[in-house]
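Numbering (full-length UniProt numbering), first residue to last: 1 to 356.
As structure tokens, this is what we get:
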């Protein structure tokens with residue numbers, strides 16, 4: 001169990017993470033009135049998160065990740081969150097990997113105006129994302145991934161003007177992607193993967209100039225990919241796989257000069273492969289399998305000098321495998337199966353060990 005440390009009232013920092021501590025978190029911990037940092041992650045604490053934590057008026061960081069903490073089954077199951085609204089200096093709150101259950105209460109809006117990071121991934125949270133989440137004005141990171149959240153993404157998310165990381169992946173969210181997301185100019189990482197979202201991509205996504213990682217995979221998104229999307233010239237990773245996107249791939253895809261990972265597999269894209277792929281010199285992974293792509297494999301793919309994985313399988317590609325691919329020194333995974341290709345496999349360079 002947690003050692004009896006409440007008799008040391010002048011403690012400001014407690015780090016007990018990565019042990020085998022168990023039992024409840026005692027209310028008496030609130031007697032350490034000067035406490036600023038409490039890190040209890042990666043233990044075996046169980047029971048409820050004590051409301052008494054709200055008495056730690058100087059608390060800045062609270063990390064309870066990876067324990068066995070739960071909430072009450074009643075409607076006020078997240079009452080501890082109400083108590084934490086008294087911690088006016090709270091910057092970092094991490095509740096991830098606890099079987100908390102319940103629903104996020106509207107009182108989340110009353111958390112510290114200083115709050116920069118809120119993480120509650122894999123907590124079995126149900127219900128809707130409350131509209132009040134938009135009141136976390138200064139938040140830099142909000143992670144509610146791998147829960148059981150349903151309903152639509154609230155439009156109030158557009159109020160999070162300072163947000164840099166937003167992760168709602170692995171839930172049951174429905175409806176369209178709100179265009180208000182496109183006003184979050186500081187977004188660095190945006191993940192809505194593995195939900196039930198539908199509709200087209202918002203045209204304004206191309207205005208997120210700080211965006212480096214985007215993952216919308218495994219949803220029900222459809223229509224063509226808007227031309228404005230290819231304005232994300234500084235993006236590093238894009239995953240739009242396992243959706244219902246159709247139409248053609250634009251030549252403007254060549255604008256993504258620094259991208260390293262691009263996955264458009266398992267859609268209904270039906271154009272030729274743009275020759276402008278050849279200008280993506282930093283691209284390491286290109287996945288276009290399970291589409292309706294047609295025409296030849298462009299010679300210019302041999303200019304993607306960083307490419308390590310290329311999957312063009314299960315399309316309608318025709319012609320020969322271009323000899324230019326021999327120049328791809330780092331290529332270690334190459335799949336063009338289930339197309340209408342003909343001729344011989346080039347035998348030079350990186351392709352010397354590949355077989356049909």
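All C-beta atoms, glycine included, are put in the ideal place defined by N, C-alpha and C.
Since this is a predicted model, take the numbers as computed values, not measurements.
Check, Outcome
"Would you give the residue range spanned by the beta strand (DSSP E) that residue 80 belongs to?", "From DSSP, residue 80 is part of no beta strand (DSSP E) but of the alpha helix (DSSP H) over 79-84."
"Starting from residue 45, follow the beta strand (DSSP E) in both directions and report where the run begins and ends.", "44-48"
"Is the beta carbon of residue 253 closer than 8 Å to that of residue 234?", "no"
"Apart from the five residues on each side of it in sequence, which residues of its chain come closer than 6 Å, Cβ to Cβ, to residue 82?", "107"
"Straight-line CA distance for residue 325 to residue 291?", "21 Å"
"Using only CA atoms, which one of 198, 232, 226, 222 lies nearest to residue 214?", "232"
"Got a sec? Which residues, its chain only, sit under 8 Å from residue 172 by beta carbon, not counting five neighbours each side?", "148, 149, 150, 195, 196"
"How would you label residue 206, buried or exposed, when you count the other beta carbons within 10 angstroms and need 16 or more for buried?", "buried"
"When you compare each of 10, 13, 36, 67 to residue 24 by their alpha carbons, which one comes out closest?", "67"
"By DSSP's criteria, residue 294 is part of a beta bridge. Which residues make up the other side?", "272, 316"
"What's the C-alpha gap between residue 48 and residue 27?", "10 Å"
"Measure from the alpha carbon of residue 21 to the alpha carbon of each residue in 129, 31, 10, 39, then state which is nearest.", "39"
"Going by beta-carbon coordinates alone, are residue 122 and residue 152 separated by less than 8 Å?", "no"
"Please report the distance separating the alpha-carbon of residue 115 from that of residue 212.", "23 Å"
"For residue 340, which residues does DSSP report across the bridge?", "318"
"According to DSSP, residue 103 sits in a beta bridge with which residue or residues?", "126"
"Could you tell me the alpha carbon to alpha carbon distance between residue 140 and residue 319, rounded to whole angstroms?", "49 Å"
"Give the DSSP bridge partners of residue 141, in chain order.", "117, 165"
"Give me whichever residues DSSP pairs with residue 149 in a beta bridge.", "127"
"Quick check on the DSSP output: the beta strand (DSSP E) that includes residue 263 runs from which residue to which?", "261-263"
"Can you check whether the CB of residue 192 is closer than 8 Å to the CB of residue 225?", "no"
"Within its chain, find whatever has a CB closer than 7 Å to the CB of residue 132; leave out the 5 residues flanking it on each side and keep chain order.", "106, 108, 109"
"Using the beta-carbon count (16 or more within 10 Å), is residue 146 buried or exposed?", "buried"
"By Cβ distance below 6 Å, which residues in the same chain neighbour residue 365 in space, the five residues on each side in sequence not counted?", "Residue 365 is absent from the model: the chain starts at 1 and stops at 356."
"Could you check where the beta strand (DSSP E) with residue 215 kicks off and where it finishes?", "213-215"
"By Cβ distance, which residues of its chain are closer than 8 Å to residue 188, with the 5 residues on each side in sequence left out?", "164, 165, 210, 211, 212, 213"
"Which word fits residue 315, buried or exposed, when buried means at least 16 other C-beta atoms lie within 10 angstroms of its C-beta?", "buried"
"Would you mind sorting residue 329 into buried or exposed? The rule is 16 or more other CB atoms within 10 Å of its CB.", "exposed"
"For residue 343, count neighbouring Cβ atoms within 10 angstroms of its own Cβ and tell me buried if that reaches 16, exposed if not.", "exposed"
"Let me check understanding here. Comparing Cα to Cα, which of 347, 42, 37, 64 lies closest to residue 50?", "64"
"Using only CA atoms, which one of 345, 167, 162 lies nearest to residue 183?", "162"
"Roughly how many angstroms separate the alpha carbons of residue 138 and residue 111, rounded to a whole number?", "11 Å"
"Per DSSP, which residues does residue 190 bridge with? Please list them.", "166, 214"
"Cβ atoms of residue 60 and residue 90: under 8 Å apart, would you say?", "yes"
"Which of helix, strand or coil does DSSP assign to residue 361?", "This structure cannot settle anything about residue 361, because the visible part of the chain is limited to 1 through 356."
"Roughly how many whole angstroms lie between the Cα atoms of residue 135 and residue 323?", "56 Å"
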